[in-house]
Structure formats: C-alpha cells, structure tokens
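Note sheet for the following structure.
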Amino acid sequence: RELEERRTSILESVREQGKLDEALEAAIRGAETKARLEDIYLPFKPKRRTKAQIAREAGLEPLADGLLGDPSADPLAAAAAFVDGDKGVADAAAALDGARSILTERF
Numbered sequence: 015r016e017l018e019e020r021r022t023s024i025l026e027s028v029r030e031q032g033k034l035d036e037a038l039e040a041a042i043r044g045a046e047t048k049a050r051l052e053d054i055y056l057p058f059k060p061k062r063r064t065k066a067q068i069a070r071e072a073g074l075e076p077l078a079d080g081l082l083g084d085p086s087a088d089p090l091a092a093a094a095a096f097v098d099g100d101k102g103v104a105d106a107a108a109a110l111d112g113a114r115s116i117l118t119e120r121f
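Shown next as structure tokens:
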C-alpha cells in the first residue's frame, strides 16, 4: 500500500514537471520495490532551494554582480535600490545577505 501511494505521488510530481512520457510512466508503474521507485525518480526529484536561489528569485543577482565588479562602491547604497518587501527583501542588510549568498555559492 505504501508503495502504491508513493508511486502515485511520483507520477503526479513528474507529470506536473511536464516530463512524464510513456516509457517513464511504464518504468514507474513497473517498479517492484520502493528503492527501485526512488532510483527512477531521483533525476526528477525537485531540488531544495538554496539561499542563493531564493536571492536570485528576489532579483539580487545584479546587486551581487555590481558589488563584485566595483569593489569601491558603497555596499549599503547599492543594496538600498534592491529593497522590495514583496520579494522578501526587507532592508539593505537583507539585500546584502542575499548577494553574499549568491557570491558564496559561485566561489
């Protein structure tokens, strides 16, 4: 029963990603163990979002690039332009934290 619930969940997830084709569906339906099912699903399993990914989604990559490209720039002044509560960037410090996460992931 647990295997069937997991199979259904995996089929829904892969279908939502638009990556479910006949061969993949047959492989998922034909998996006889939970371990085999997870092996098939692994390449399609959604990745966890890192702090850097969240910062990129908030539009902070240009800030990171700007700070890297011009080390003499005032970081707080540059970050102030990226404050946007709707995107989860409450203040300049949060913008700098996001830019730091992006640069840390890069290097």
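What the sequence shown shows, in the numbering used here, is residues 15 to 121, in sequence order. Virtual Cβ for every residue (Gly too), placed ideally from N, Cα, C. Keep in mind the model is a prediction, meaning the values are calculated, not measured.
Which value, in whole angstroms, describes the spacing of the CA atoms of residue i and residue j?
i      : j     : result
Ile116 : Ala41 : 37 Å
Arg29  : Lys59 : 12 Å
Arg15  : Thr64 : 33 Å
Asp88  : Arg62 : 33 Å
Arg70  : Gly32 : 24 Å
Ala37  : Ala49 : 19 Å
So, at 7 Å on beta carbons, what are the nonlocal neighbours of residue i in its own chain, with the 5 sequence-adjacent residues on each side left out?
i     : result
Ile54 : Ala41, Ile42 and Ala45
CB residue i to CB residue j, shorter than 7 Å?
i     : j      : result
Leu77 : Ala113 : yes
Leu74 : Ala109 : yes
Ala92 : Gly80  : yes
Beta-carbon within less than 8 Å of residue i's beta-carbon, same chain only, minus the 5 sequence neighbours each way: which residues are those?
i     : result
Leu51 : Leu17, Arg20, Arg21, Ile24, Ile42 and Ala45
Thr47 : Leu17
Val97 : Val103, Ala104, Asp105, Ala106, Ala108 and Ala109
Leu34 : Leu25 and Val28
Give me the Cβ distance between residue i and residue j, rounded to the nearest whole Å; I'm assuming they're in contact under 8 Å.
i      : j      : result
Ala94  : Ala107 : At roughly 10 Å, the Cβ-Cβ gap does not stay under 8 Å, so Ala94 and Ala107 are not in contact.
Gly102 : Ala72  : 6 Å
Quick one: residues in its chain with C-beta nearer than 6 Å to the C-beta of residue i, no 5 flanking neighbours on either side, listed in chain order?
i      : result
Glu131 : Summary: the structure shown does not reach residue 131, with the chain confined to residues 15 through 121, and so no result is reported for it.
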